[in-house]
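K.L.:
With the first letter of the sequence shown counted as 1, position 237 gets the number 399 in the working numbering; the numbers rise by one all the way through. First the structure, which I've put down as structure tokens, then a few questions once you've had a look.
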Amino acid sequence: MSSSKSASKSTASKKNKKLNSSQVEMKNVSKAYGETWESEEVLKNISVEFPAGELTVIVGPSGCGKSTLVNLLAGFEKPDVGEVTVDGKLVTGPAQDRMVVFQETALIPWQTTLENVTFGPKMRGEKKGRSLDDEAKELLVKVGLGEFIHKFPLQLSGGMQRRAELARALINEPTVMIMDEPFRGLDAMSRSLMQEFFLELFEENKKTNIFVTSEIDEAIFLADNLVILSNKPTTVQTVIKIDLPRPRNYKMLTSAKAFKYRKQAMDLLHGEAMKSFAISK
Ligand code: ADP
Ligand code: MG
163 MSSSKSASKS TASKKNKKLN SSQVEMKNVS KAYGETWESE EVLKNISVEF PAGELTVIVG
223 PSGCGKSTLV NLLAGFEKPD VGEVTVDGKL VTGPAQDRMV VFQETALIPW QTTLENVTFG
283 PKMRGEKKGR SLDDEAKELL VKVGLGEFIH KFPLQLSGGM QRRAELARAL INEPTVMIMD
343 EPFRGLDAMS RSLMQEFFLE LFEENKKTNI FVTSEIDEAI FLADNLVILS NKPTTVQTVI
403 KIDLPRPRNY KMLTSAKAFK YRKQAMDLLH GEAMKSFAIS K
């Protein structure tokens, strides 16, 4: 690579560092698992845009390939065909601009909340000492864990663990947050509170958010854009623009508009679930 090219690349990445959010795109992405003679096509020709600063929710039947899609966006896996780009640049692997929060807790059990949050930057030797601790504490206060910075993960409730993970992701100053069914497994009340909390955080920082769920109400409550996937081999069935005002509150879910979105999404998803039920019977 010529030096002028690498110089312009580094200027571009510095510029992007200042941006709060990035435009993410998947173009004609297909992905199969296994050897060619017994391979299973999971994703088939998926093209979808994740607009900068918006919250895009992906819903689809269980096993349709949502986590596979997350892995491709995160750069943990590569598409067989097609490409994933962030601000027009090809994704070739994981990077700090895209942080992922999973359903399973990934907190280190023998580290305190504060140590968990500072672990990544410390390991990479990027941010050090007091300023890193101060930044982490600030984030932990923001996610409502100011009183729990010296507690260990097992001393936190499920909802608190997810919030600690949000802080741990946010300390890397990502421009894209990818959430793979992060609230699955929480009881109904904690889940609803986490949704409201997450929305407040999103409405404040306006990062590009890609949120995967199998819950239609959760999807409609959170989304600017709702991407509905089909069954395997999975394609994008439709993208619905969710035109509910922000800031949102749970009461909006009982509005006529939300009901209309729910019906539209349910009809599509139910049809897909029926197909997979018939196949597995
Ligand atoms: P979802 O998150 O929507 O439940 P996944 O992306 O986890 O779906 O899985 C989609 C399909 O791909 C499933 O049939 C699963 O068995 C298969 N799959 C996922 N990851 C792998 C892998 N690493 N190797 C082989 N098959 C996989
Ligand atoms: Mg999954």
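Glycine is no exception: its CB is placed at the ideal position from the N, C-alpha and C atoms.
So Asn207 and Thr400 are supposed to be a Cβ contact under 8 Å. How far apart are they, rounded?
P.N.:
That belief does not hold up - the Cβ atoms of Asn207 and Thr400 are roughly 15 Å apart, past 8 Å.
K.L.:
CA-CA distance, Glu377 and Val338?
P.N.:
Roughly 22 Å separates the two Cα atoms.
K.L.:
Determine the DSSP secondary structure at Ala174, reduced to helix, strand or coil.
P.N.:
Confidence in Ala174 is poor, its pLDDT being 44 and thus under 50, which makes the residue's placement unreliable; the coordinate value appears in the next sentence. Helix at Ala174.
K.L.:
Write down the C-beta distance between Val221 and Ile404 rounded to the nearest angstrom, noting that I regard them as a contact closer than 8 Å.
P.N.:
That belief does not hold up - the Cβ atoms of Val221 and Ile404 are roughly 12 Å apart, past 8 Å.
K.L.:
Three or more C-beta pairs under 8 Å: does that hold for the region 360 to 367 against the region 417 to 426?
P.N.:
Contact fails: fewer than three Cβ-Cβ distances are below 8 Å.
K.L.:
How long is the line joining the alpha carbons of Ala418 and Ala385, rounded to whole angstroms?
P.N.:
Roughly 17 Å between the two C-alpha positions.
K.L.:
With a threshold of 8 Å, establish whether the CB of Asp379 neighbours any heavy atom of ligand 2.
P.N.:
No.
K.L.:
Quick test of the definition: if touching needs 3 or more C-beta pairs under 8 Å, does the region 273 to 285 touch the region 236 to 251?
P.N.:
Taking 8 Å as the limit for Cβ pairs, the verdict is that the region 236 to 251 does not touch the region 273 to 285.
K.L.:
Gln258 and Glu335 - do their beta-carbons sit closer together than 9 Å?
P.N.:
Yes, these two residues count as a Cβ contact at 9 Å.
K.L.:
Is the closest heavy atom of ligand 3 to the C-beta of Asp429 under 8 Å?
P.N.:
Inclusion of ligand 3 in the displayed structure is not the case, the ligand content consisting of ligand 1 and ligand 2 alone.
K.L.:
Cβ-heavy atom distance between Gly225 and ligand 1 below 8 Å?
P.N.:
Yes, the beta carbon of Gly225 sits closer than 8 Å to at least one heavy atom of ligand 1.
K.L.:
Excluding the five sequence neighbours on either side, which residues of its own chain have a C-beta within less than 8 Å of the C-beta of Gly215, listed in chain order?
P.N.:
Once the five neighbours on either side are set aside, the close Cβ partners of Gly215 are Asn182, Ser183, Lys368, Lys369, Thr370.
K.L.:
Who does Leu452 pair with in a DSSP beta bridge?
P.N.:
Given that the chain is displayed from residue 163 to residue 443, the structure contains no residue 452 and the question cannot be resolved.
K.L.:
Count the other C-beta atoms from every protein chain shown that fall within 10 angstroms of the C-beta of Leu190, then say buried if there are 16 or more, exposed otherwise.
P.N.:
For clarity, residue 190 is Asn in the given sequence; the question names Leu instead. So Asn190 counts as exposed.
K.L.:
What does the Cβ neighbour count give for Thr375, buried or exposed, with the cut at 16 atoms within 10 Å?
P.N.:
Result: buried.
K.L.:
How would you label Gly227, buried or exposed, when you count the other beta carbons within 10 angstroms and need 16 or more for buried?
P.N.:
By the 10 Å Cβ count, Gly227 comes out buried.
K.L.:
Should Lys394 go down as buried or exposed, given a rule of 16 or more other Cβ atoms within 10 Å for buried?
P.N.:
Buried, since its Cβ has 16 or more Cβ neighbours within 10 Å.
K.L.:
Name the DSSP beta bridge partners of Thr375, please?
P.N.:
DSSP, once it has assigned bridges, lists Val221 as partnering Thr375.
K.L.:
Given a cut-off of 9 Å on the beta-carbon distance, is the pair Leu431 and Pro223 in contact?
P.N.:
It is a contact, given that the beta carbons lie within the stated cut-off.
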